[in-house]
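Participant:
4 protein chains.
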Amino acid sequence: MSGSILGDIFKISTWGESHGKALGVVIDGCPAGLKISEADIQKDLDRRKPGQSPFATPRKEGDEVEILSGIFEGKTTGTPISMIIFNKNQKSKDYSALKDVYRPAQSDYSYDLKYGFRDHRGSGRASGRETAARVAAGAIAKKILAALELKITAYTSSIGPIEIDPKNYDEDYIMQNFLYMPDPEALKKAESYLRKLIKKNNSSGGTIECVVKNVPEGLGDPVFDKCDALLARAVMSIGAVKGVEIGSGFEAAEMTGYEHNDFYRYNENEINKTTNNAGGTLGGITDGSDIFLKAAVKPTPSIEKTQQAVSKSGENIDLSIQGRHDPVIVPRAVVVVEAMVALTLVDLLLKNMTARMEYLEKIY
Amino acid sequence: MSGSILGDIFKISTWGESHGKALGVVIDGCPAGLKISEADIQKDLDRRKPGQSPFATPRKEGDEVEILSGIFEGKTTGTPISMIIFNKNQKSKDYSALKDVYRPAQSDYSYDLKYGFRDHRGSGRASGRETAARVAAGAIAKKILAALELKITAYTSSIGPIEIDPKNYDEDYIMQNFLYMPDPEALKKAESYLRKLIKKNNSSGGTIECVVKNVPEGLGDPVFDKCDALLARAVMSIGAVKGVEIGSGFEAAEMTGYEHNDFYRYNENEINKTTNNAGGTLGGITDGSDIFLKAAVKPTPSIEKTQQAVSKSGENIDLSIQGRHDPVIVPRAVVVVEAMVALTLVDLLLKNMTARMEYLEKIY
Amino acid sequence: MSGSILGDIFKISTWGESHGKALGVVIDGCPAGLKISEADIQKDLDRRKPGQSPFATPRKEGDEVEILSGIFEGKTTGTPISMIIFNKNQKSKDYSALKDVYRPAQSDYSYDLKYGFRDHRGSGRASGRETAARVAAGAIAKKILAALELKITAYTSSIGPIEIDPKNYDEDYIMQNFLYMPDPEALKKAESYLRKLIKKNNSSGGTIECVVKNVPEGLGDPVFDKCDALLARAVMSIGAVKGVEIGSGFEAAEMTGYEHNDFYRYNENEINKTTNNAGGTLGGITDGSDIFLKAAVKPTPSIEKTQQAVSKSGENIDLSIQGRHDPVIVPRAVVVVEAMVALTLVDLLLKNMTARMEYLEKIY
Amino acid sequence: MSGSILGDIFKISTWGESHGKALGVVIDGCPAGLKISEADIQKDLDRRKPGQSPFATPRKEGDEVEILSGIFEGKTTGTPISMIIFNKNQKSKDYSALKDVYRPAQSDYSYDLKYGFRDHRGSGRASGRETAARVAAGAIAKKILAALELKITAYTSSIGPIEIDPKNYDEDYIMQNFLYMPDPEALKKAESYLRKLIKKNNSSGGTIECVVKNVPEGLGDPVFDKCDALLARAVMSIGAVKGVEIGSGFEAAEMTGYEHNDFYRYNENEINKTTNNAGGTLGGITDGSDIFLKAAVKPTPSIEKTQQAVSKSGENIDLSIQGRHDPVIVPRAVVVVEAMVALTLVDLLLKNMTARMEYLEKIY
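Chains as they are written, first to last, in my numbering: chain A, 5 to 368; chain B, 5 to 368; chain C, 5 to 368; chain D, 5 to 368.
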């Protein structure tokens with residue numbers, strides 16, 4: 005197996021390289037009867053595609069998705085949904101110069117070690133471009149979740165040292181700026197910070213936060229398939245992510261039990277928690293609270309500033325990677341985090357349908 | 005599925021509740037010809053078992069493992085290995101008082117929501133006691149890894165606000181203290197900190213670091229089965245873990261590309277990296293560098309200090325959980341982290357055997 | 005993986021050797037809230053256990069099952085159910101004489117080829133004794149199916165050349181005779197045939213038929229997970245089975261389309277088929293018709309009559325396997341077929357709960 | 005899940021409907037370094053495609069395959085291989101007349117029961133056209149097997165009542181006739197038989213045999229993943245197959261142990277069996293003998309001869325399906341059987357690489 009299949013019920017199988025003919029995804033296990041159109045998917049793809057912002061690579065890709073199977077008269081049929089995105093701009097650049105170079109913080113070296121050779125053009129399968137297929141599948145997952153009124157919101161929570169201030173949080177603002185930040189003040193500082201880095205031919209890291217509201221109870225399974233464990237895997241599988249927190253995350257390590265425990269209060273015929281350090285799960289199973297997670301994203305590895313690299317045959321190289329790359333991966337990764345969260349939750353949602361005998365009686 | 009099976013080739017299936025008759029694990033997919041004995045496994049179980057330290061619950065459990073199948077004349081046969089640990093102390097306490105109480109930061113509430121009812125005795129399946137089965141399986145995984153000279157070392161890196169100082173790092177010291185800390189000075193402070201919390205009927209969080217040395221190249225698969233993604237899932241599946249970092253982790257978010265990129269140098273006929281911010285993988289695939297990960301562990305939720313809880317039927321309760329619990333989960337979780345890392349790496353090691361056509365020719 | 009895990013949602017993981025300490029099974033994914041007791045399981049185990057009939061091996065095994073986890077106050081909790089059967093009679097015989105012999109039609113040779121060595125005692129993991137674990141898991145699967153009023157009936161349809169006559173079919177008679185035949189006349193002939201073979205130190209093959217009534221619609225998935233494909237795999241995985249038919253089976257090959265097609269008629273507000281050559285599925289998906297399958301079982305390979313065998317080191321041997329073995333495997337395999345059918349259907353039943361968007365709305 | 009993913013290591017994910025835009029397959033887990041071209045795949049597709057014989061439907065489809073990913077400079081890269089076949093002739097017919105009709109022996113009714121509605125055009129996902137994707141994947145599997153000199157040969161062994169005579173078996177003749185029969189005399193009779201049926205607007209069933217030579221030892225795993233069990237599932241998953249036999253098959257049921265057991269003889273430094281009733285496996289694991297299996301194929305359900313059908317709304321219909329269909333499915337299914345056998349064996353071959361500790365040392 006080459007690691008490109010995810011999910012137990014809602015299974016996605018992605019494929020494609022940065023500079024191949026196309027990339028795509030097959031979804032096996034989408035329930036029948038979901039209304040879906042290419043426009044539903046395109047909307048999310050457009051948030052990820054390059055060439056749209058002063059803070060993103062100018063590579064021109066329309067990233068137009070085409071549905072090839074599994075939809076009939078506007079609804080899913082229950083059979084595999086195949087989606088394809090043709091690469092249109094893949095021949096524009098000559099990659100032969102980098103053919104035998106191991107660029108720092110890229111997968112060139114490890115792919116060669118694993119497979120003996122590699123498709124070196126634009127990182128091949130290891131390109132961030134691969135995430136377009138995840139976003140397409142994630143858009144369908146979101147549509148299922150939306151039918152249950154579940155809502156996923158991800159946003160940029162920091163760029164380098166610039167962090168958002170929770171007091172300024174404005175959800176509506178997220179989609180109104182190129183960096184997908186919910187805080188107009190932090191945005192200004194981040195833009196200024198990035199412009200300086202661009203001038204220095206350098207790049208920045210950052211963080212992404214994701215909140216899920218109106219989460220059904222019971223998602224996640226004990227032991228290895230805890231909701232938080234599967235979310236961590238899904239989000240950490242995004243190439244640039246180096247850390248994942250659920251709820252209180254690393255702060256929990258410095259807290260006492262009395263500080264960290266979320267107390268319960270019963271009022272207005274509901275059990276509620278006074279805090280949400282847990283981040284939405286107890287024992288790995290959702291309890292109806294909001295899910296809260298945070299991801300650390302490393303800086304774009306491709307920079308023009310000269311670095312120490314090495315060639316396959318063992319020559320030390322001073323490498324300056326020409327061309328303009330994303331000065332920060334974070335904004336384009338926001339919708340990818342949403343997709344990975346959606347894909348994880350849909351799979352858990354479907355699995356949880358089999359958790360109780362009384363559910364069988366509701367269906368059969 | 006109830007989430008208790010892990011792995012694609014080296015599959016483990018764990019079972020058992022805190023206060024049931026026994027708990028155990030079945031391993032399906034262990035290669036034939038591995039020398040293994042109950043003593044190999046007991047050694048790790050003894051590091052996790054309760055009642056051994058002033059900083060652990062005094063529950064008396066020998067945690068003696070018995071191998072029931074899959075071993076013949078001291079070697080694995082290639083067929084399932086079943087291991088069992090009988091619960092000996094499970095009837096010593098009356099849990100009926102907590103039968104209908106939802107304790108803060110425990111799984112009581114979410115299990116009831118998911119399954120409609122639960123085995124309430126000592127948290128049932130959600131008890132940390134479940135990890136004994138992981139440790140038993142992990143000990144076998146480690147034995148396979150040891151045959152390839154791969155070595156996993158986990159240790160306590162902080163208790164509450166007390167962090168180890170890398171300058172004081174002494175690997176040998178880890179196994180010589182109850183808190184599994186590699187820094188004698190930090191240990192003293194941590195012990196003092198914990199004693200104060202015990203007096204206040206409170207508990208502490210902390211962090212665990214894990215280093216893997218002599219890692220074979222090529223472990224991990226592109227996209228969803230990246231080595232770091234699977235490690236994150238495995239470690240986050242430990243009940244108390246709230247965050248996982250690989251390599252630079254959350255620090256990466258504040259760094260520039262030039263700072264974060266690990267440069268290459270070729271010397272003495274080897275390709276080396278000048279730093280290891282990546283933490284052992286590139287594009288999710290190991291490159292021979294050390295794997296480095298860190299986990300945040302929340303404070304023990306069971307504390308005697310009075311908390312606000314609620315009953316199943318909706319009464320607000322002032323809850324003081326009697327009996328002495330672990331004042332900190334971290335030390336007993338160190339060997340569990342090692343187990344989860346070992347289980348993940350063994351599975352990737354076995355999968356990687358199928359990655360190249362030339363490997364087929366070596367075997368057939 | 006060593007092939008001992010079956011199922012996608014209702015996953016069973018079996019373990020144990022013929023002459024080890026015990027054998028057992030872990031079920032991961034049984035819905036919560038099912039009433040189950042050891043007696044429910046013992047009932048089926050007793051149909052398989054040895055020593056009960058003049059036509060079965062006299063090995064004494066009580067095959068008493070013990071449930072170790074996953075049941076609380078008489079109901080499944082949704083967490084793994086572990087069941088164990090201790091081997092009580094495993095030391096009664098010295099197997100060292102056969103240690104290096106490859107017996108005809110047994111797995112001795114292939115296990116040595118695959119694993120390099122083997123547990124030779126009583127065929128180790130390859131013993132038919134392994135099926136006790138399947139029967140235990142199957143009993144729980146049947147209990148779920150019974151809640152939906154689905155009923156599985158298997159029986160002996162032939163012993164060597166003696167076939168049952170459909171005209172004599174008496175379902176009640178199946179459980180009243182040692183050979184589990186539904187036809188009293190065929191039974192007499194079969195008994196006589198077997199007695200002659202026993203005298204000649206030889207053994208017989210036979211067939212088993214299985215009918216499933218009151219099957220819910222929609223079980224099975226297109227392409228590879230067709231209901232009939234998964235049933236074929238499940239039944240063919242019983243060691244002695246050499247062929248499987250669904251519906252018309254091999255007769256279909258000689259028929260014309262007009263003869264074979266099951267016509268539809270609508271009457272009394274129902275769509276019905278005038279025949280059932282399909283055997284219960286269309287395109288691999290159940291349509292509410294009875295499932296009908298048939299399995300061919302080879303003769304018991306262990307016979308006292310002298311055969312040509314070979315030793316591991318390459319000596320030709322005249323082998324007479326001492327001790328009384330089952331003169332025919334069929335009767336003891338009847339309940340194993342039922343178990344395999346039940347396990348397959350339960351898994352499909354649970355998976356089918358996720359097939360439609362409208363089912364989500366029924367549950368969430 | 006919708007049943008369109010097969011395999012544990014060499015995973016294939018197929019998609020597409022009879023009258024959609026295209027159909028295809030993604031292979032996840034093909035080892036890197038295999039030389040493969042579109043021509044390798046086209047060769048097998050051409051054996052399955054329609055319009056080539058007087059005994060096949062004249063639908064015009066070039067079935068031209070295009071590889072979209074996973075191959076670089078003529079070799080597999082170890083990442084997913086995506087293959088697509090565009091449907092070119094899908095709009096030539098108006099299917100609206102059959103929109104609400106349940107045709108006998110087709111999946112119309114069961115798909116409606118399962119999913120609530122269906123893509124009715126040419127049976128949608130349930131069309132035999134789906135097998136083109138299997139054949140494409142199978143061609144790559146065969147290429148891997150060929151590297152180990154393993155050879156799979158399937159052929160038509162009967163058409164209706166006309167069976168081949170083993171004495172006339174001529175392997176070279178198989179590819180020289182439209183019916184893929186290895187016996188020129190049987191061919192003549194079969195052609196004559198089919199011509200008569202065509203005149204009567206009827207169709208025929210038949211059987212396919214498959215022999216695998218030069219099989220590596222050790223393929224297959226104990227208990228549920230026996231080589232024969234997985235072959236049975238794979239072959240039974242072909243829509244029209246109603247029965248599968250391994251080795252002696254249903255004849256085994258009438259034999260005695262002494263007749264059925266394959267005796268061993270040691271000569272010329274090799275262990276050999278004097279017969280091969282087992283059909284290539286012992287205890288489900290290959291021992292180096294030829295694998296032999298046989299499948300029963302039902303008659304083509306679509307016939308012009310008037311049948312009794314029913315509409316969705318409950319009207320009884322006299323149905324004559326216009327247009328020329330395959331008078332027999334068998335010849336076009338021969339290469340599909342080969343594909344399913346190849347896919348099963350490749351997956352077992354890759355899994356068996358992890359069966360022994362000594363194999364790890366060969367690779368690491």
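Think of the CB as a built atom: it goes at the ideal place given N, C-alpha and C, for glycine as much as any other residue.
What does residue 362/D touch in chain B if you count any residue whose Cβ is under 8 Å from its own?
Facilitator: As a working mapping, residue 362/D is identified with position 358 in the fourth sequence. By Cβ distance, chain B contributes 37.
Participant: With respect to the beta strand (DSSP E) encompassing residue 323/C, which residues constitute its N-terminal and C-terminal limits?
Facilitator: Indexing the third sequence from 1 puts residue 323/C at position 319. Run containing residue 323/C: 320 to 323, per the beta strand (DSSP E) assignment.
Participant: Give the C-beta separation of residue 364/B and residue 35/D to the nearest angstrom, bearing in mind that I take them to be a contact with Cβ-Cβ under 8 Å.
Facilitator: Start at 1 with the first residue of the second sequence, and residue 364/B comes out as number 360. Start at 1 with the first residue of the fourth sequence, and residue 35/D comes out as number 31. Contact holds; Cβ gap of about 7 Å.
Participant: Would you list, in sequence order, the uninterrupted beta strand (DSSP E) runs of no fewer than 3 residues that lie entirely inside the region 106 to 173 of chain B?
Facilitator: Counting only runs of 3 or more, we get 155 to 163.
Participant: Within a Cβ cutoff of 6 Å, which residues of the same chain sit near residue 300/A, ignoring the five residues on either side of it in sequence?
Facilitator: On the first sequence, residue 300/A is found 296 positions in, with the first residue counted as 1. Cβ within range, chain order: 211, 246 and 247.
Participant: Tell me, please, whether the CB atom of residue 111/C is closer than 7 Å to any CB atom in chain D?
Facilitator: Here residue 111/C is taken as the residue at index 107 of the third sequence, counted from 1. Output row for residue 111/C: interface = yes.
Participant: According to DSSP, residue 70/A sits in a beta bridge with which residue or residues?
Facilitator: As a working mapping, residue 70/A is identified with position 66 in the first sequence. Looking at the DSSP assignment, residue 70/A forms a beta bridge with 88/A.
Participant: Under DSSP, the beta strand (DSSP E) around residue 261/A begins and ends at which residues?
Facilitator: Your numbering for residue 261/A matches position 257 in the first sequence. Where residue 261/A is concerned, there is no enclosing beta strand (DSSP E), although the alpha helix (DSSP H) it sits in stretches over 261 to 264.
Participant: Can you give me the Cβ contacts of residue 8/A inside the same chain, cut-off strictly under 7 Å, excluding the 5 residues immediately before and after it?
Facilitator: Sequence index remark: in the first sequence, residue 8/A carries index 4 (1-based). 17, 18 and 19, listed in sequence order.
Participant: Taking residue 357/C as the reference, give the member of 314/C, 291/C, 221/C and 276/C with the closest Cα.
Facilitator: Within the third sequence, numbered from 1, the residue matching residue 357/C stands at position 353. Taking only the C-alpha atoms, the option nearest residue 357/C is 221/C.
Participant: Might you give, ordered along the chain, the residues of its own chain that have their beta carbon closer than 6 Å to the beta carbon of residue 135/A, omitting 5 neighbours on each side?
Facilitator: Your numbering for residue 135/A matches position 131 in the first sequence. Hits under 6 Å: 340.
Participant: Identify the contact partners of residue 349/A in chain C, using a Cβ-Cβ distance below 9 Å as the criterion.
Facilitator: Locating residue 349/A in the first sequence gives position 345, counting from the first residue. Result: empty, since nearest Cβ-Cβ is about 12 Å, beyond 9 Å.
Participant: Scan the region 200 to 257 of chain B and note each continuous alpha helix (DSSP H) run of 4 residues or more that stays entirely inside, going in chain order.
Facilitator: Taking only runs of at least 4 residues, the alpha helix (DSSP H) segments lying wholly in the region 200 to 257 of chain B are 231 to 240.
Participant: CA-CA distance, residue 255/B and residue 282/B?
Facilitator: The residue labelled residue 255/B in the question sits at position 251 within the second sequence. The residue labelled residue 282/B in the question sits at position 278 within the second sequence. Whole-angstrom Cα-Cα distance: 12 Å.
Participant: Smallest Cα separation from residue 343/B: which of 145/B, 249/B, 100/B and 273/B?
Facilitator: Walking along the second sequence from the start, residue 343/B turns up at place 339. Nearest option by C-alpha distance: 145/B.
Participant: Only counting the same chain, and skipping five residues up and downstream in sequence, which positions put a Cβ closer than 6 Å to that of residue 260/D?
Facilitator: By 1-based counting over the fourth sequence, the position of residue 260/D is 256. Around residue 260/D: no qualifying Cβ.
Participant: Buried or exposed, going by whether 16 or more other CB atoms sit within 10 Å of the CB of residue 179/B?
Facilitator: The count along the second sequence starts at 1 and reaches residue 179/B at position 175. It counts as exposed.
Participant: To the nearest angstrom, how far is the alpha carbon of residue 187/D from that of residue 59/D?
Facilitator: The residue labelled residue 187/D in the question sits at position 183 within the fourth sequence. The residue labelled residue 59/D in the question sits at position 55 within the fourth sequence. In a straight line, the C-alpha of residue 187/D is about 17 Å away from that of residue 59/D.
Participant: Is there at least one Cβ from chain F nearer than 7 Å to residue 151/A's Cβ?
Facilitator: No chain F appears in the structure shown, which is made up of the protein chains A, B, C and D.
Participant: Identify whether residue 63/B lies in helix, strand or coil by the three-state DSSP scheme.
Facilitator: The residue labelled residue 63/B in the question sits at position 59 within the second sequence. Here residue 63/B sits in coil by DSSP.
Participant: Go ahead and pull the three-state DSSP assignment for residue 56/C.
Facilitator: The residue given as residue 56/C occupies position 52 in the third sequence. Three-state DSSP puts residue 56/C in coil, outside helix and strand.
Participant: Between the region 202 to 233 of chain C and chain D, which residues of the former have a C-beta closer than 7 Å to a C-beta of the latter?
Facilitator: Against chain D - using a Cβ distance shorter than 7 Å - the residues of the region 202 to 233 of chain C are 206, 207, 208, 209, 210, 211, 221, 222, 225, 226, 227, 228, 229, 230, 232 and 233.
Participant: Residue 356/A lies in the beta strand (DSSP E); which residues open and close that run?
Facilitator: Along the first sequence, one-based indexing puts residue 356/A at 352. Looking at the DSSP string, residue 356/A is not in any beta strand (DSSP E); the run it does join, the alpha helix (DSSP H), is 334 to 356.
Participant: For residue 5/A and residue 53/D, what's the separation of their Cα atoms in angstroms?
Facilitator: As a position in the first sequence, residue 5/A is number 1, starting the count at 1. As a position in the fourth sequence, residue 53/D is number 49, starting the count at 1. Looking at the two C-alpha atoms, the distance is approximately 29 Å.
Participant: Report back the beta-carbon spacing between residue 235/C and residue 345/C to the nearest angstrom; my notes put them in contact at under 8 Å.
Facilitator: Walking along the third sequence from the start, residue 235/C turns up at place 231. Walking along the third sequence from the start, residue 345/C turns up at place 341. With a Cβ gap of about 6 Å, residue 235/C and residue 345/C count as contacting.
Participant: Just the chain D side, please: which residues come within less than 9 Å of residue 323/B by C-beta, in chain order?
Facilitator: Position 319 of the second sequence, counting from 1, holds the residue named residue 323/B. Those do not exist, as residue 323/B stays about 43 Å from chain D at its closest Cβ, beyond 9 Å.
Participant: Considering only their Cβ atoms, is the gap separating residue 143/A from residue 50/A smaller than 7 Å?
Facilitator: Taking the first residue of the first sequence as position 1, residue 50/A is located at position 46. Taking the first residue of the first sequence as position 1, residue 143/A is located at position 139. No. Outside cutoff.
Participant: Please name the residues in the region 10 to 32 of chain B whose beta-carbon is closer than 8 Å to at least one beta-carbon of chain A, in chain order.
Facilitator: Within the region 10 to 32 of chain B, the qualifying residues are 10, 12 and 18.
Participant: So which of 257/D, 104/D, 105/D and 160/D has the shortest CA-CA distance to residue 194/D?
Facilitator: Against the fourth sequence, residue 194/D aligns to sequence position 190. Considering only alpha carbons, the answer is 160/D.
Participant: Would you report the Cα separation of residue 21/D and residue 27/D, rounded to the nearest angstrom?
Facilitator: Here residue 21/D refers to the residue found at position 17 when the fourth sequence is read from its first residue. Here residue 27/D refers to the residue found at position 23 when the fourth sequence is read from its first residue. Rounded to the nearest angstrom, the two C-alpha atoms are 6 Å apart.
Participant: Using a Cβ cut-off of 8 Å, which residues of the region 119 to 151 of chain C contact any Cβ in chain B, in chain order?
Facilitator: Within the region 119 to 151 of chain C, the residues whose Cβ lies closer than 8 Å to some Cβ of chain B are 119, 120, 121, 122, 123, 128 and 129, listed in chain order.
Participant: Could you tell me which chain D residues have their CB closer than 7 Å to the CB of residue 419/B, listed as they occur along the chain?
Facilitator: Nothing about residue 419/B can be reported from this structure: the residues present for chain B run from 5 to 368 only.
Participant: For the region 276 to 307 of chain B, which residues have a beta carbon sitting closer than 7 Å to at least one beta carbon of chain D?
Facilitator: Result list empty, no residue passes.
Participant: How would you write the range of the alpha helix (DSSP H) that residue 270/B sits in, first residue to last?
Facilitator: Counted from its first residue, the second sequence places residue 270/B at position 266. Counting along the chain, residue 270/B falls outside any alpha helix (DSSP H), though it belongs to the beta strand (DSSP E) covering 268 to 271.
Participant: Looking at the strands, I want to know which residues DSSP matches up with residue 36/C.
Facilitator: Here residue 36/C refers to the residue found at position 32 when the third sequence is read from its first residue. Per DSSP, 360/A.
Participant: Cβ closer than 9 Å: which chain A residues qualify as neighbours of residue 82/C?
Facilitator: Along the third sequence, one-based indexing puts residue 82/C at 78. 225, 226, 359 and 360, listed in chain order.
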